[in-house]
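Trainee: Quick note on the working numbering: the sequence shown kicks off at 1383 and runs consecutively.
Don't be surprised by glycine CBs; every beta carbon is placed ideally from N, CA and C.
Before we start, here is the structure in question, set down as structure tokens.
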Amino acid sequence: YLLQNLKLSSCFRRKPDLQQRLIQSLDAIVNPTADDFRLVLSLFDRANKKDDGLVRVPNLFHSSTTINNFTKFDDLLEFLSNSKDITSLYMFMEGLLCWLFDRKEIKIASNIFIPLILSLKEKRKWNSLSKDYVENLPRDEGTVPLLRLIKENSSKIVATEGHLCLTSSLECNLDEFLFQERNFEFAIDGANTAKTQPCNKEGRCGLIAKLTPCTREDGSTFNIQFVLDPDEYPDHLHYCKGLVPLEDVFFALK
1383 YLLQNLKLSS
1393 CFRRKPDLQQ
1403 RLIQSLDAIV
1413 NPTADDFRLV
1423 LSLFDRANKK
1433 DDGLVRVPNL
1443 FHSSTTINNF
1453 TKFDDLLEFL
1463 SNSKDITSLY
1473 MFMEGLLCWL
1483 FDRKEIKIAS
1493 NIFIPLILSL
1503 KEKRKWNSLS
1513 KDYVENLPRD
1523 EGTVPLLRLI
1533 KENSSKIVAT
1543 EGHLCLTSSL
1553 ECNLDEFLFQ
1563 ERNFEFAIDG
1573 ANTAKTQPCN
1583 KEGRCGLIAK
1593 LTPCTREDGS
1603 TFNIQFVLDP
1613 DEYPDHLHYC
1623 KGLVPLEDVF
1633 FALK
């Protein structure tokens, strides 16, 4: 009964050694019947199916061409403006901020930069930036000129409404964020979303972001995924499909 009703992909993901232990247990069956054989086939058919319980958060920095390959600001702008991997104004800004960080000598011409932003918003149907997001952007000598331009032109590229800011109660430092596996829970107030149908499930509606860490030797393993599998959620939280369009979600550090 348990084997027929467990979601094996979730079990194997939580306990990687579980699959080998299951194989050993099945191998130990004495005089297996035809029903036993059919059960084994169905188990491995389910276990090997593509797992759709996770949705990866786009990360442009894992592409073959990363922002650090650029030495000129104009070349970076051209890449971010034309890359199909950049799907929102948030990703565009993150690329700029990461590249500008600690680069004190870069001058940004407002008469070129702001028209470019407005053109991209219209051409690529990008939403404006959230006020909460802009107010928490990192500041150093390299990023201050860009942040000043954003503030001076906030009426054109920053929106005070139409965004939902979800904050996780889990706090960590940068080392913990990068090098330790953890789940970030985000509770959602249905009144602030596009949800129209009441939810009758126990606990709060929400999202879990599953973080797969990297190592100091290899940063390519870092990954953030939104968990869709209801079996992965604790009793106090559950995922409601369609509550928040995941293609519009942007994960940022505060």
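Tell me which residue opens and which closes the beta strand (DSSP E) that Tyr-1565 is part of.
Mentor: The sequence given here places Asn at residue 1565; Tyr does not occur at that position. Its beta strand (DSSP E) spans residues 1564–1569.
Trainee: Please report the straight-line C-alpha distance between Lys-1503 and Pro-1616, rounded to a whole angstrom.
Mentor: If you take the alpha carbons of Lys-1503 and Pro-1616, they lie about 38 Å apart.
Trainee: Helix, strand or coil for Ile-1606 per DSSP?
Mentor: Residue state, collapsed to three classes: strand.
Trainee: Can you tell me the Cα-Cα spacing of Pro-1520 and Arg-1530, whole angstroms?
Mentor: Whole-angstrom Cα-Cα distance: 12 Å.
Trainee: Going by DSSP in three states, Cys-1480 sits in which element: helix, strand or coil?
Mentor: Looking at Cys-1480 - three-state DSSP - the assignment turns out to be helix.
Trainee: Taking three-plus beta-carbon pairs below 8 Å as touching, is the region 1560–1570 in contact with the region 1613–1633?
Mentor: Yes, the region 1560–1570 is in contact with the region 1613–1633.
Trainee: Give me the Cα-Cα distance between Glu-1523 and Asp-1613, rounded to the nearest whole angstrom.
Mentor: For Glu-1523 and Asp-1613, the distance between alpha carbons rounds to 46 Å.
Trainee: Go ahead and label Ser-1512 buried or exposed: buried means 16 or more other beta carbons lie within 10 angstroms of its beta carbon, across all protein chains shown.
Mentor: By the neighbour-count rule (16 or more Cβ atoms within 10 Å), Ser-1512 is buried.
Trainee: So, for Asn-1450: in the same chain, excluding its five sequence neighbours on each side, which residues have a beta-carbon less than 8 Å away from its beta-carbon?
Mentor: Within the same chain, Asn-1450 has close Cβ partners Trp-1481.
Trainee: Can you list the beta strand (DSSP E) stretches of 3 or more residues lying completely in the region 1505–1568, in chain order?
Mentor: Listed in chain order, there is nothing to give.
Trainee: From this set, Asp-1467, Met-1473, Ser-1470 and Leu-1478, which residue's C-alpha is nearest Phe-1452's C-alpha?
Mentor: It is Leu-1478 whose Cα lies nearest to the Cα of Phe-1452.
Trainee: Tell me whether Gly-1588 sits in a helix, a strand or coil according to DSSP, three-state version.
Mentor: Residue state, collapsed to three classes: strand.
Trainee: Compare the Cα-Cα distances from Thr-1525 to each of Gln-1406, Lys-1489, Ser-1465 and Ile-1411 and report the closest residue.
Mentor: Thr-1525 has its Cα closest to that of Lys-1489, out of Gln-1406, Lys-1489, Ser-1465 and Ile-1411.
Trainee: Just tell me which of Ser-1536, Leu-1589, Thr-1469 and Ser-1492 has its CA closest to the CA of Asp-1630.
Mentor: The option with the nearest alpha carbon to Asp-1630 is Thr-1469.
Trainee: Counting C-beta neighbours from all protein chains within 10 Å, is the total for Lys-1432 16 or more, i.e. buried, or is it exposed?
Mentor: The predicted position of Lys-1432 is uncertain, since its pLDDT is 44 and thus under 50; no value can be drawn from it.
Trainee: Drop a sphere of 10 angstroms on the beta-carbon of Val-1412, count the other beta-carbons inside from all chains shown, and report buried for 16 or more, exposed for fewer.
Mentor: When all chains shown are included, Val-1412 counts as exposed.
Trainee: In whole angstroms, what separates the C-alpha of Leu-1593 from that of Gln-1406?
Mentor: Distance between the alpha carbons of Leu-1593 and Gln-1406 is about 31 Å.
Trainee: Would you call the CB atoms of Asn-1509 and Leu-1471 closer than 8 Å?
Mentor: Yes, Cβ-Cβ distance for Asn-1509 and Leu-1471 is below 8 Å.
Trainee: Suppose you measure from the CA of Glu-1487 to the CA of Asn-1535; what does that come to, to the nearest Å?
Mentor: Roughly 22 Å between the two C-alpha positions.
Trainee: Comparing alpha-carbon positions, which option in Leu-1560, Ser-1551 and Pro-1595 lies nearest Leu-1589?
Mentor: Here the closest residue by C-alpha is Ser-1551.
Trainee: In chain order, what residues of the same chain have a beta carbon less than 6 Å from the beta carbon of Leu-1635, not counting five sequence neighbours either side?
Mentor: None.
Trainee: Look up Leu-1628 in the DSSP assignment and say whether it is helix, strand or coil.
Mentor: Leu-1628: helix per DSSP, three-state reduction.
Trainee: What are the boundary residues of the alpha helix (DSSP H) that includes Leu-1462?
Mentor: Unbroken alpha helix (DSSP H) run through Leu-1462: 1455–1464.
Trainee: Is it right to say Cys-1587 is buried, meaning 16 or more other beta carbons lie within 10 angstroms of its own, or is it exposed?
Mentor: It counts as buried.
Trainee: Helix, strand or coil for Leu-1500? Go by DSSP, reduced to three states.
Mentor: The answer is helix: DSSP assigns Leu-1500 an H, G or I state.
Trainee: Could you tell me whether the Cβ atoms of Phe-1608 and Cys-1596 are closer together than 8 Å?
Mentor: Against a cut-off of 8 Å, the Cβ pair of Cys-1596 and Phe-1608 comes out as no contact.
Trainee: With distances taken Cα to Cα, identify the nearest neighbour of Ser-1537 among Gln-1562, Leu-1556, Phe-1474 and Leu-1500.
Mentor: The shortest Cα separation from Ser-1537 among Gln-1562, Leu-1556, Phe-1474 and Leu-1500 belongs to Leu-1500.
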